[in-house]
Amino acid sequence: MIEILSPTELARAKDTGALVGHILQTLRGRSAVGTNLLDIDRWAKAMITGAGAQSCYVDYAPSFGRGPFGHYICTAVNDAVLHGMPHDYQLADGDLLTLDLAVSLEGVAADAAISFIVGDARPAESVALIATTERALAAGIAAAGPGARIGDISHAIGSVLDAAGYPINTEFGGHGIGSTMHQDPHITNTGRPGRGYRLRPGLLLALEPWVMVGTAELVTDADGWTLRSATGSRTAHSEHTIAITDDGAEILTLPRPA
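In structure tokens, the structure reads:
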């Protein structure tokens with residue numbers, strides 16, 4: 001299913017996106033050496049429910065997971081990159097943490113992810129990983145607009161990731177979003193320009209470049225959800241929900257200025 005939002009629905013999407021951006025920014029500020037991943041999950045729950053929103057994850061039970069997920073945010077550390085299930089783990093200095101959050105507010109969902117380094121350490125490999133996914137996300141957003149095609153976005157993202165030397169996994173990528181979290185079209189993190197669905201104003205897309213050092217192969221934890229690098233290498237993941245507008249693309253999941 002591909003949804004095209006009305007102006008009224010788009011206004012609600014902007015509210016949802018701003019909430020997602022605010023929660024992620026707040027959680028990043030609270031995530032320090034010694035913070036427990038379960039505390040991050042509890043903080044996310046409190047902010048989501050306090051805003052009158054609903055988690056897209058708690059009851060999420062797709063075919064690839066051992067569902068329902070049962071938590072309010074994905075917390076992936078170091079070699080974990082996607083669907084990281086919060087568990088009893090205290091963050092250490094230099095950990096690379098990815099927070100991935102999707103919520104629904106007034107019937108419209110938004111989805112975003114950030115990767116950052118905890119504490120004072122700044123491992124060069126982790127810095128490079130994060131910066132590359134952020135550049136790839138910016139390139140994908142720049143390629144989006146009315147009349148462009150999904151392949152244009154995939155090509156823009158993949159060009160950045162490939163130039164940085166990272167193998168690209170095409171099993172998981174970006175997606176349409178609207179009244180539900182995951183919709184068509186699927187947006188791989190590499191592809192051929194000029195191919196695929198033509199973008200229209202009112203379309204919402206979640207773009208999410210992610211990479212792992214030296215491999216494109218994933219393994220699944222015993223929890224049935226957390227996806228890790230098959231080699232134990234570091235990973236990073238950046239994501240925004242965007243709206244296709246009459247003259248380009250608008251990022252919805254940035255926190256509103258205070």
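Under the UniProt record's numbering, the first residue of the sequence shown carries the number 1, and numbering increases by one thereafter.
All C-beta atoms in this analysis are idealised placements derived from N, C-alpha and C, irrespective of residue type, glycine included.
Predicted model, so just to flag it, every value in this text is computed and none were measured.
Nearest by alpha-carbon distance to residue i: which of the options is it?
i: R192; options: H155, L5, A121; result: H155
i: V160; options: F172, P185, T132; result: T132
i: G232; options: S238, G214, D247; result: G214
i: residue 279; options: R149, L207, A222; result: No information on residue 279 is available, as it lies outside the stretch 1 to 258 that the chain covers here.
i: L205; options: A46, G174, M212; result: G174
i: S31; options: V77, A222, I157, G248; result: V77
i: G158; options: V211, S115, I130; result: V211
i: L254; options: A11, L10, Q25; result: Q25
i: V60; options: D221, R256, W225, E134; result: The sequence shown places Tyr at residue 60, not Val. Here the closest residue by C-alpha is W225.
i: G147; options: D221, F64, Y197; result: Y197
i: G107; options: A11, T75, L207; result: A11
i: L252; options: A121, L207, R122, V219; result: L207
Give every residue of the same chain whose Cβ lies closer than 7 Å to the Cβ of residue i, excluding the five residues on either side of it in the sequence, and list them in chain order.
i: F172; result: L82
i: M181; result: C56, A102, A109, D111
i: N79; result: The question names Asn, yet the displayed sequence has Asp at residue 79. Same-chain partners within the cutoff: R228, S229, G232, S233, R234, T235.
i: D184; result: M1, I2, G176
i: T245; result: P201
i: V33; result: L91, A92, D93, V118, G119
i: A44; result: I23, L27, Y72, I73, L101
i: H186; result: G173, H175
Any idea if residue i is buried or exposed, counting beta-carbon neighbours within 10 angstroms, 16 or more meaning buried?
i: T170; result: exposed
i: Y57; result: buried
i: A53; result: buried
i: V20; result: buried
i: S238; result: buried
i: T49; result: exposed
i: T241; result: buried
i: T188; result: buried
i: G178; result: buried
i: residue 260; result: Residue 260 falls outside the range modelled here, since the chain spans only 1 to 258, and no answer is possible.
i: G165; result: exposed
If you drop the 5 nearest sequence neighbours on each side, which residues of the same chain put their C-beta closer than 6 Å to that of residue i?
i: D41; result: H71, Y72, I73, P86
i: G202; result: I4, L5
i: N36; result: Q90
i: M47; result: I23
i: D223; result: M85
Could you tell me whether the Cβ atoms of residue i and residue j are closer together than 8 Å?
i: G145; j: L199; result: yes
i: E128; j: P167; result: The residue asked about is misnamed: residue 128 is Ala in this sequence, not Glu. Contact: no.
i: D95; j: A113; result: no
i: A243; j: A13; result: yes
i: A138; j: D152; result: no
i: L97; j: F116; result: yes
i: A136; j: P62; result: no
i: L105; j: T8; result: no
Measuring only from the beta carbon, is residue i closer than 7 Å to any heavy atom that is part of the ligand NAD?
i: A142; result: Looking at this structure, you won't find the ligand NAD or any other ligand, since it has none at all.
If you drop the 5 nearest sequence neighbours on each side, which residues of the same chain put their C-beta closer than 8 Å to that of residue i?
i: E125; result: V213, R234
* To do: List in chain order: all unbroken beta strand (DSSP E) runs of 3+ residues lying wholly within the segment 206–258.
  => 210–212, 218–220, 227–229, 235–237, 240–245, 248–251
* To do: Any chance you could list the beta strand (DSSP E) runs of at least 3 consecutive residues sitting entirely within the segment 38–95, in chain order?
  => 74–77, 80–82
* To do: Write down every uninterrupted run of the beta strand (DSSP E) in the segment 153–180 whose length is 3 residues or greater and which is fully enclosed by it, in chain order.
  => 174–176
* Asked: Unbroken alpha helix (DSSP H) runs of length 4 or more, entirely within the segment 7–39: which are they?
  -> 7–30
* Every unbroken beta strand (DSSP E) within the segment 96–151, with a cutoff of 3 residues, ordered by chain -> The DSSP assignment places complete beta strand (DSSP E) segments of no fewer than 3 residues inside the segment 96–151 at 96–105, 108–117, in order along the chain.
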